[in-house]
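Here is the structure we will look at.
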Amino acid sequence: MAASLIGTTQQAAASIFLAQGVAVVPGAVKKETIAICRDAAVAALACSDAAITNNIRDLDATAPGAHHQAVRLHRRDFAEYLKRDGGRVDLRFNSDAAPFDALLRETTTAVLDVATEALGGNANLLYSGVMVARANTGDHQNYHKDGNHENESDEPHALTVFVPLQPLTAANGPTEFRLGSHRRRANDAKRLRQDGVAVMCDAGDALLFDYRVDHRGLANASDEDRLVFFLAFARPSFRDEKNARSTVPLFPASHVALSGDRGETSCVLFELTVDGVG
Numbered sequence: 016m017a018a019s020l021i022g023t024t025q026q027a028a029a030s031i032f033l034a035q036g037v038a039v040v041p042g043a044v045k046k047e048t049i050a051i052c053r054d055a056a057v058a059a060l061a062c063s064d065a066a067i068t069n070n071i072r073d074l075d076a077t078a079p080g081a082h083h084q085a086v087r088l089h090r091r092d093f094a095e096y097l098k099r100d101g102g103r104v105d106l107r108f109n110s111d112a113a114p115f116d117a118l119l120r121e122t123t124t125a126v127l128d129v130a131t132e133a134l135g136g137n138a139n140l141l142y143s144g145v146m147v148a149r150a151n152t153g154d155h156q157n158y159h160k161d162g163n164h165e166n167e168s169d170e171p172h173a174l175t176v177f178v179p180l181q182p183l184t185a186a187n188g189p190t191e192f193r194l195g196s197h198r199r200r201a202n203d204a205k206r207l208r209q210d211g212v213a214v215m216c217d218a219g220d221a222l223l224f225d226y227r228v229d230h231r232g233l234a235n236a237s238d239e240d241r242l243v244f245f246l247a248f249a250r251p252s253f254r255d256e257k258n259a260r261s262t263v264p265l266f267p268a269s270h271v272a273l274s275g276d277r278g279e280t281s282c283v284l285f286e287l288t289v290d291g292v293g
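Residue numbers for the sequence shown follow the numbering used here, beginning at 16 and rising by one.
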């Protein structure tokens, strides 16, 4: 990991974040919390995969809406489970219940000062979940931004935090960033030619990045799924219109959507009858 991205203090991390669009707060979460939550996330992923397999098997092609359900199952497009490019799965779960509440609490404690300073004094939690890079996926993601400049302002309005649930290595699909690409530039062609920096860090470190920074997940060439807990913070006025997701639940009987003050879905929760999860 580039030493210039490591913030030894929260003040240093905030300074690095504002300059580069990316910063790392080491040791944000306890190792025992990481271990427990990784096991729970693996179980949640397995339960979700099984639900999709069962729904495909049980799909009645003659039922009303069967075509739309088949397309949704093929795309893996649900409130709790969304397939992304590069072999990624965006998994949302009940992150304020045990054991994930401890992970969320420790992460927030470690990065809140950085997020608050970067976001102008107020940082609201938008959502949280786990991003999975499937084992032995041969494709890199396309470069993308999570959001664009709001009101033509250079100031950050939202940021994402990654907490790896195992060490991020060159083999298992770390995230690559074009440092400084969150700043508005007249010459976009130069930015698009910029080399990326793959950030590799330890389990429990917190990797923060501006919504507007160019990034992509690299291919996971290892034999094990790579899991990263994520959460996002934003200014109170921010409206995340770029990252809308399906509201159709994979688990209809236990799905709960929480509405934020602005009438948008701020997080998606579901319960699993699996040991150690919910």
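Idealized CB from N, CA, C, for every residue including glycine.
- A direct Cα-to-Cα measurement between D210 and L222 gives close to 19 Å.
- For A58, the uninterrupted alpha helix (DSSP H) run begins and ends at K46 to D73, by DSSP.
- If the five residues before and after D169 are omitted, its C-beta is found closer than 8 Å to the C-beta atoms of R198 and R199, all from its own chain and listed in chain order.
- DSSP, read as helix, strand or coil, puts V126 in helix.
- When DSSP reads this structure, D105 sits in a beta bridge with L97 and M146.
- Residue pairing by DSSP puts E191 in a beta bridge opposite A213 and R231.
- The beta-carbon distance between V212 and G36, rounded to whole angstroms, is 11 Å. This is too long to meet the 8 Å contact definition.
- Our two residues, A138 and V40, have alpha carbons roughly 17 Å apart in a direct line.
- Cβ neighbours of D116 within its own chain (closer than 8 Å, five residues either side excluded): S110.
- Pairing T262 with A81, the inter-Cα distance amounts to about 17 Å.
- For F253, same chain residues with a beta-carbon under 6 Å away, outside a window of 5 residues either side, are H172 and A173 in chain order.
- As the crow flies, the alpha-carbon of I51 is around 20 Å from that of Y142.
- Taking all protein chains in view, the Cβ of P189 is crowded by 16 or more other Cβ atoms within 10 Å, so the residue is classified as buried.
- Comparing alpha carbon positions, the residue from G153, R231 and M146 closest to R241 is M146.
- Residue state for H83 is assigned as helix, using DSSP reduced to three classes.
- According to the DSSP secondary-structure assignment, R241 is paired through a beta bridge with A148.
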